[in-house]
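Structure record follows, encoded as structure tokens.
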Amino acid sequence: MVRSEGARQIGDAAGAAPEGAARPAPRHVAIIMDGNGRWAAGRGLPRFEGHRRGVEAVRRAVRSAITLGIHYLTIYSFSSENWRRPPSEISELMGLLKLFVRSDLADLHANNVRVRVIGDRADLSGDIAGLLDEAEARTRANTGLTLVVAFNYGGRQEILRAVRRIAAAVAEGRVRPEDIDLPTITEALDTAGIPDPDLVIRTSGEQRLSNFLTWQTAYAEYVIEPGFWPDFDHAAFLAALDEYHRRDRRFGGLSAGAG
């Protein structure tokens with residue numbers, strides 16, 4: 001995602017700062033990358049070209065996140081429901097994943113990016129599971145941006161897995177039911193150790209969660225980007241952060257300026 005001339009490209013990603021850019025960036029930004037197929041259809045191109053251009057947009061987003069000082073960037077790369085797509089499209093998407101790991105992992109590692117993968121790996125093919133394991137293992141000690149890749153992921157399915165883990169702990173006598181609290185559930189999720197998203201960006205103008213980080217986004221701010229994902233660039237990222245900074249995040253309390 002960050003090419004070999006990563007340091008130079010990261011610098012090139014920075015454009016004119018939006019109003020209020022001196023304010024701290026959100027710690028965790030999550031992105032629902034939507035509209036690859038529609039982007040391609042609108043240009044008379046095959047859907048695969050939309051997905052390929054979508055990978056380029058991921059590269060830009062990673063560079064932007066590093067430039068902007070974001071600590072965690074989560075991308076919704078393949079949902080649990082995406083298996084319903086035609087086999088030919090799934091094959092193309094798996095091919096893009098393999099290409100990404102083989103061509104971009106070294107540059108991510110060189111730029112101190114840590115890769116975390118969330119989602120169900122139980123029934124993945126050996127080659128795909130191996131690639132995900134490799135990406136995590138190679139970058140585990142890195143201390144810069146954490147790139148969280150949601151692959152074969154669904155928010156409800158994640159909560160179900162967490163409930164089963166907790167139920168097993170109760171059955172084994174390691175946890176008492178009366179001791180189960182919010183942190184217990186949070187630590188049983190795939191995202192254990194990752195702070196909840198401050199901002200969720202969704203492209204293509206759609207206004208739904210699509211089973212993405214169902215538990216973790218309870219207090220996230222949402223910014224809907226009307227453009228399709230392949231067109232998402234640094235300027236769009238800056239605009240989303242600018243909108244985020246206009247929000248009054250009260251977490252159920254009163255705003256700082258309330259009388």
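Here UniProt numbering is used: the first residue of the sequence shown is 1, the next is one more, and so on.
Using N, Cα and C, we set each Cβ at its ideal position, and we do this for glycine too.
Could you spell out the range, first to last residue, of the beta strand (DSSP E) harbouring residue i?
{"i": "N152", "result": "146 to 153"}
{"i": "E221", "result": "221 to 224"}
{"i": "L199", "result": "199 to 202"}
To which residues of the same chain is residue i closer than 7 Å at the C-beta, ignoring the five residues directly before and after it?
{"i": "G227", "result": "T203, A236"}
{"i": "F151", "result": "S77, F78, V117, G119, L132"}
{"i": "P46", "result": "A40"}
{"i": "A162", "result": "I185, A188, L189"}
{"i": "G50", "result": "N36, G37, W39, A40, P230"}
Is it the case that the Cβ atoms of residue i and residue j are separated by a distance below 9 Å?
{"i": "P195", "j": "R27", "result": "yes"}
{"i": "L209", "j": "P197", "result": "no"}
{"i": "A65", "j": "V101", "result": "no"}
{"i": "G144", "j": "N111", "result": "yes"}
{"i": "G95", "j": "P230", "result": "no"}
{"i": "V148", "j": "A135", "result": "no"}
{"i": "H71", "j": "T186", "result": "no"}
{"i": "N211", "j": "R156", "result": "yes"}
{"i": "E225", "j": "G205", "result": "yes"}
{"i": "L97", "j": "I128", "result": "yes"}
{"i": "R85", "j": "L73", "result": "no"}
Could you tell me whether the Cβ of residue i comes closer than 9 Å to any Cβ of chain C?
{"i": "G119", "result": "In the displayed structure, chain C is absent; only one protein chain is listed."}
If residue i and residue j are in contact, beta carbons under 8 Å, what's the gap, nearest whole angstrom?
{"i": "L199", "j": "E221", "result": "5 Å"}
{"i": "T139", "j": "H109", "result": "5 Å"}
{"i": "G154", "j": "S103", "result": "Their Cβ separation, rounded to whole angstroms, is 28 Å, which puts G154 and S103 out of contact at 8 Å."}
{"i": "V62", "j": "V113", "result": "7 Å"}
In chain order, what residues of the same chain have a beta carbon less than 6 Å from the beta carbon of residue i, not counting five sequence neighbours either side?
{"i": "R43", "result": "none"}
{"i": "L241", "result": "none"}
{"i": "V243", "result": "Note that residue 243 corresponds to Glu in the displayed sequence, not to Val. Correct list, in chain order: V223."}
{"i": "R60", "result": "D233"}
Starting from residue i, follow the alpha helix (DSSP H) in both directions and report where the run begins and ends.
{"i": "H71", "result": "Per DSSP, H71 belongs to no alpha helix (DSSP H) and is neither H nor E."}
For residue i, collect the residues of the same chain with a Cβ closer than 8 Å to its Cβ; drop the 5 residues on either side in sequence, then sort them by chain order.
{"i": "T184", "result": "I166, V175"}
{"i": "M33", "result": "G54, A57, V58, I75, Y76, S77, T203, W229, F232"}
With a floor of 4 residues, list each alpha helix (DSSP H) that falls wholly inside the region 115 to 195, ordered by position along the chain.
126 to 139, 155 to 171, 182 to 188
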